[in-house]
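Here's the structure, in structure tokens; my notes come after.
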Amino acid sequence: MPVAEQLITDHLDTWSSTVKPKSSAGRGKSNGKQELYGIKKLRELILELAVRGLLVPQDPNDEPASELLKRIIDEKAKLVRDGKIKKQKKLPPIETDVETQTPIGWTRSRLGNLVNLISGQHLKGNEYFDSEVESSIPYLTGPAEFGEKYPTPTRYTRERRSVASTDDILITCKGSGVGKLNYADREIFISRQLMAIQPVVISSDFLMLLAKSLNSHFRANIVGIAIPGISREDVLEAVISLPPLAEQHRIVAKVDELMVLCDQLEGQQANHLEAHQTLVQTLLSALTASSDATAFTAAWTRIQANFDTLFTTESSIDQLKQTILQLSVMGKLVPQDPNDEPASELLKKIATEKAALIKSCKIKKQRKLPALASEEKRHDIPHEWIWCRLTDAYDVRDCPISRKTGIFFGSHALC
Numbered sequence: 001m002p003v004a005e006q007l008i009t010d011h012l013d014t015w016s017s018t019v020k021p022k023s024s025a026g027r028g029k030s031n032g033k034q035e036l037y038g039i040k041k042l043r044e045l046i047l048e049l050a051v052r053g054l055l056v057p058q059d060p061n062d063e064p065a066s067e068l069l070k071r072i073i074d075e076k077a078k079l080v081r082d083g084k085i086k087k088q089k090k091l092p093p094i095e096t097d098v099e100t101q102t103p104i105g106w107t108r109s110r111l112g113n114l115v116n117l118i119s120g121q122h123l124k125g126n127e128y129f130d131s132e133v134e135s136s137i138p139y140l141t142g143p144a145e146f147g148e149k150y151p152t153p154t155r156y157t158r159e160r161r162s163v164a165s166t167d168d169i170l171i172t173c174k175g176s177g178v179g180k181l182n183y184a185d186r187e188i189f190i191s192r193q194l195m196a197i198q199p200v201v202i203s204s205d206f207l208m209l210l211a212k213s214l215n216s217h218f219r220a221n222i223v224g225i226a227i228p229g230i231s232r233e234d235v236l237e238a239v240i241s242l243p244p245l246a247e248q249h250r251i252v253a254k255v256d257e258l259m260v261l262c263d264q265l266e267g268q269q270a271n272h273l274e275a276h277q278t279l280v281q282t283l284l285s286a287l288t289a290s291s292d293a294t295a296f297t298a299a300w301t302r303i304q305a306n307f308d309t310l311f312t313t314e315s316s317i318d319q320l321k322q323t324i325l326q327l328s329v330m331g332k333l334v335p336q337d338p339n340d341e342p343a344s345e346l347l348k349k350i351a352t353e354k355a356a357l358i359k360s361c362k363i364k365k366q367r368k369l370p371a372l373a374s375e376e377k378r379h380d381i382p383h384e385w386i387w388c389r390l391t392d393a394y395d396v397r398d399c400p401i402s403r404k405t406g407i408f409f410g411s412h413a414l415c
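Heads up: the sequence shown is residues 1 to 415, going by the numbering used here.
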């Protein structure tokens, strides 16, 4: 077994145990869901090893990639002569880089030497249909119609100007999805937001691996703000390492095998995470729902005994923080002292102070609110505490639009 593959399989527990919160819109707040970060990085590592020749052993009996490249160039020239593809402009030579080494039998090349690149075109409203009609083919306008592997078209056309063929690699070249990929599963008319990378002689599946590995290259070459995008040159001039054709097939088979393993790990870990989150939520809810000190102590004892196991993810720690906050406002976080002045007396003092402030025109008089109904008292509180409206204890006012002209009372106003 190659060392790289052993690195992956011998440490599956480490890869599968690493999680982080999924990002969500809105000032960077987590949505509570977990991303299997370790498995995501494992997939990236598998891809990196694959295109660097470190995933499967080389076979000295394979036809060298340099000979394969000659066959590709000859085949492209024949396709040009037959009028099946357009002649491509000459690509710049690759600069010599002593630090970049390729495995035995591999060779470096511009991607454009291995493929034919088709740019998409825009169709007018009268050139496509919203449903499939006779003699029509799918019309793709962007990555929104990409599926997990193949597109899910919603428009069709009879035009045949910019058509991708079966097994071509569809790449997003404009818009926020630059670099997103899909396979063409049939003839497809592509819009200006897409390009089709057609393999010549080489494996289409290995070409997909190459395209995925070039994602950071494509993202680094994005230009434009309103409509970001990459050019044909960014795709054609990308430098890749080309393995022998037989090794391409071995690499694809090994990647498929390892990705299935990743899928299995992902499913197992997702189920484990869901069960873990449910357990944490249940145990913490028992704390806030406890009706007396005995029940609270029992609930806390269960948590304390398994603390290091329960609170291992950012989500579970966030839940713990929220529970601590909830316990603090329920009077369950610290013991009550019978020598403390009751909250009812404090509320009387607040009312007296507010009346004085109103009289001196420092705050406005607030309208009288209805007494608290029993259903508004959401939980039991300690004997020395008292339920009240927020306005009974604080001066509540609208925040000014401008802080420069706004008047705040005291130094602890919240806005």
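All C-beta atoms, glycine included, are put in the ideal place defined by N, C-alpha and C.
Taking 8 Å as the cut-off, decide whether the C-beta atoms of residue i and residue j are in contact.
{"i": "P153", "j": "Y139", "result": "yes"}
{"i": "R219", "j": "S119", "result": "no"}
{"i": "V255", "j": "I46", "result": "yes"}
{"i": "V115", "j": "Q198", "result": "yes"}
{"i": "Q336", "j": "V280", "result": "no"}
{"i": "A343", "j": "E384", "result": "yes"}
{"i": "F129", "j": "S136", "result": "yes"}
{"i": "Q121", "j": "R161", "result": "yes"}
{"i": "V252", "j": "I72", "result": "no"}
{"i": "C388", "j": "L325", "result": "no"}
{"i": "K174", "j": "F146", "result": "no"}
{"i": "T288", "j": "M259", "result": "no"}
{"i": "Q277", "j": "S216", "result": "no"}
{"i": "T172", "j": "P143", "result": "yes"}
Helix, strand or coil, according to DSSP, for residue i in the structure here?
{"i": "R232", "result": "helix"}
{"i": "Q198", "result": "strand"}
{"i": "S222", "result": "Checking the sequence shown, residue 222 turns out to be Ile, not Ser. DSSP places I222 in coil when its eight states are reduced to three."}
{"i": "S344", "result": "helix"}
{"i": "V51", "result": "helix"}
{"i": "V163", "result": "strand"}
{"i": "F311", "result": "coil"}
{"i": "I188", "result": "strand"}
{"i": "H249", "result": "helix"}
{"i": "V396", "result": "coil"}
{"i": "P143", "result": "helix"}
{"i": "S24", "result": "Unreliable positioning characterises S24 in this predicted model, as indicated by a pLDDT of 48, which lies under 50. The coordinate reading is nonetheless provided below. It is coil, neither helix nor strand."}
{"i": "K365", "result": "coil"}
{"i": "A356", "result": "helix"}
{"i": "N61", "result": "coil"}
{"i": "C388", "result": "coil"}
{"i": "K149", "result": "coil"}
{"i": "S95", "result": "Residue 95 is actually Glu in this sequence, not Ser. Of the three classes helix, strand and coil, the one that applies to E95 here is coil, per DSSP."}
{"i": "S66", "result": "helix"}
{"i": "N271", "result": "helix"}
{"i": "V56", "result": "coil"}
{"i": "K90", "result": "coil"}
{"i": "H217", "result": "helix"}
{"i": "Q121", "result": "coil"}
{"i": "R378", "result": "coil"}
For residue i, write down the residues that DSSP places opposite it in a beta bridge.
{"i": "N182", "result": "L170"}
{"i": "V416", "result": "An answer regarding residue 416 cannot be provided, because it is not within the stretch 1 to 415 covered by the chain."}
{"i": "L107", "result": "Looking at the sequence itself, residue 107 is Thr, so the reference to Leu does not match. Looking at the DSSP assignment, T107 forms a beta bridge with L242."}
{"i": "T157", "result": "Y128, I137"}
{"i": "I39", "result": "Per DSSP, none; premise fails for I39."}
Output needed for residue i: all residues of its chain with C-beta closer than 7 Å, excluding positions within five of it in sequence on either side, in chain order.
{"i": "G112", "result": "Q88, L91, L236, E237"}
{"i": "D62", "result": "G105, P244, A246, E247"}
{"i": "L117", "result": "M195, I197, R232, V235, L236"}
{"i": "T391", "result": "Q366, L369"}
{"i": "F409", "result": "Interpretation of F409 is limited by its pLDDT of 49, a score under 50 that renders its predicted location unreliable; the figure taken from the coordinates is listed afterwards. If we look at F409 and ignore the five residues flanking it on each side, its Cβ neighbours are K362, I363, D395."}
{"i": "T301", "result": "none"}
{"i": "V239", "result": "I94, R108, R110"}
{"i": "D168", "result": "A184, A196, I197, Q198"}
Using the C-alpha atoms, what's the distance from residue j back to residue i?
{"i": "G26", "j": "G177", "result": "Low per-residue confidence applies at G26: pLDDT is 41, beneath 50, and the placement is therefore not dependable enough to give any value."}
{"i": "K368", "j": "V396", "result": "13 Å"}
{"i": "S204", "j": "K321", "result": "50 Å"}
{"i": "V163", "j": "I222", "result": "24 Å"}
{"i": "K29", "j": "T166", "result": "Note on K29: pLDDT 45, under 50, position unreliable in the model; the coordinate value appears next. The straight-line gap from Cα to Cα measures roughly 42 Å."}
{"i": "L327", "j": "I381", "result": "11 Å"}
{"i": "L333", "j": "A371", "result": "28 Å"}
{"i": "A356", "j": "T309", "result": "54 Å"}
{"i": "L42", "j": "Q268", "result": "15 Å"}
Give every residue of the same chain whose Cβ lies closer than 8 Å to the Cβ of residue i, excluding the five residues on either side of it in the sequence, and list them in chain order.
{"i": "I317", "result": "F311"}
{"i": "L123", "result": "Y139, T157, E159, F189, S191"}
Leaving out five residues on either side along the sequence, give the residues of the same chain with a beta carbon under 6 Å from the beta carbon of residue i.
{"i": "S213", "result": "L47, V51"}
{"i": "R250", "result": "V56"}
{"i": "S241", "result": "T102, W106, R108"}
{"i": "Q304", "result": "none"}
{"i": "A286", "result": "A299"}
{"i": "T141", "result": "S191"}
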